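Enquirer: One structure follows; several queries about it will come next.
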Amino acid sequence: MNFNNFDFYKKYPLMIPHVGVRYHSAKTRVLVLGESHYLPANSPAITPDDWYNGSEESLTKAEKEYIHTQGVISNHIQDKNWKGYNLFQNLGASFKKFEPYAQGNPFEQLAFYNYFLRPASHRISISQTKMDGQMAYDQFHQNIKILEPDLVIFSSVRASGSFQYNKKKRGDSDPSVKVDFVPHAGMAWWNRKTKRYEFEGDKKAHTGREKFELILGKYLK
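Number 11 in the numbering used here belongs to position 5 of the sequence shown; there are no gaps in the numbering.
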């Protein structure tokens, strides 16, 4: 089984998750989930019906670049002005504090994709619909069958909340993999303390970065 077998990725192959070249050989396989891709500034918003019933063939060249998961990962390394630079730079800096990520590019050992499958309008959070939540939840379960992660970390409160809502609504049990969340690593809460980001019931205020590193410290082998 591979991602190309899934209906969504048949229509949007550019959105196939990034899987680092050393991901499957890592002692602890970590999947990081962002929130959503964005569309360029001059692109109109795309409705859920149009998006999920359409394909990337209808997109402009610029729009294709914006939803290309692997391309986004590559661009953050090369261009500090790239729209996702802070997200990946901050995640990478935290990973590099732990072996075996200290040397080289941490994303060579990680898997990454944006949880919501429909891109948001330029530089704003996605206005998620019921369909967005359901599609993202279903695709997550398909993806982890291939990725077989040991640890899943949402870098988005919005995406994590949607995941938990749909899990509860469907009456699903917790997945066998450890799942946790932190705020978007490119936003202010990454460096702002709040008890909302307590770690496993410790009742302490942490920044998003601190909680992220507590998670890594506990679960990385």
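For each residue, glycine too, the CB sits at the ideal point set by N, CA and C. None of the values given here were measured: they were computed from a predicted structure.
1) Identify every run of the alpha helix (DSSP H) within the stretch 31–85, keeping only runs that are complete inside it and at least 4 residues long; order them along the chain.
2) Can you give me the start and stop residues for the beta strand (DSSP E) that Tyr119 sits inside?
3) If contacts are defined as beta-carbon pairs under 8 angstroms, then Val36 and Pro155 qualify, I think. What distance do you get, rounded to the angstrom?
4) Excluding sequence positions up to five away, which residues of its chain have a Cβ less than 6 angstroms from the Cβ of Phe101?
5) If I follow the unbroken beta strand (DSSP E) through Val163, where does it start and stop?
6) With distances taken from CA atoms, which of Ala126, Gly98, Val38 is nearest Ile73?
7) Tell whether a beta-carbon distance below 9 angstroms holds between Leu157 and Thr34.
8) Taking only three categories from DSSP, how would you classify Asp186?
9) Hey, how far is the Cα of Asp178 from the Cα of Ser166?
10) Please name the residue or residues paired with Thr200 in a DSSP beta bridge.
11) Is the beta carbon of Tyr18 less than 9 angstroms from the beta carbon of Met137?
12) Among the candidates Asp13, Glu219, Ala117, whose CA atom is the shortest distance from the CA of Ile150?
13) For Leu226, which residues from the same chain have a beta carbon less than 6 angstroms from its beta carbon, with the 5 sequence-adjacent residues on both sides left out?
14) Rounded to whole angstroms, what's the CA-CA distance from Gly5 to Ser131? Just pull it up for me.
15) State the DSSP-derived secondary structure class of Leu226, mapped to helix, strand or coil.
16) Buried or exposed: where does Arg124 fall if 16 or more other Cβ atoms within 10 Å of its Cβ makes it buried?
17) Take the Cβ of Gly40 as the centre, count every other Cβ of all protein chains shown within 10 Å, and call the residue buried at 16 or more, exposed below.
18) Alpha helix (DSSP H) containing Phe146: first to last residue?
19) Just to confirm before moving on: does the CB-CB distance between Tyr121 and Phe160 stay below 9 angstroms?
20) Within 10 angstroms of its Cβ, does Val188 collect 16 or more other Cβ (buried), or is it exposed?
Expert: Once the coordinates are examined:
1) 54–59, 67–73, 75–84
2) 116–120
3) 6 angstroms
4) Tyr107, Pro112
5) Note, Val163: premise wrong, no beta strand (DSSP E); alpha helix (DSSP H) at 163–176.
6) Ala126
7) yes
8) In the structure shown, the three-state DSSP call for Asp186 is strand.
9) 15 angstroms
10) His212
11) Going by C-beta atoms, Tyr18 is not nearer than 9 angstroms to Met137.
12) Ala117
13) Sequence-distant partners of Leu226 (beyond 5 residues in either direction) whose C-beta falls short of 6 angstroms from its own C-beta, in its chain, are Thr34, Phe104.
14) Residue coverage of the chain in this structure runs from 7 to 227, which leaves residue 5 outside it and unanswerable.
15) coil
16) buried
17) Result: buried.
18) 136–153
19) yes
20) buried
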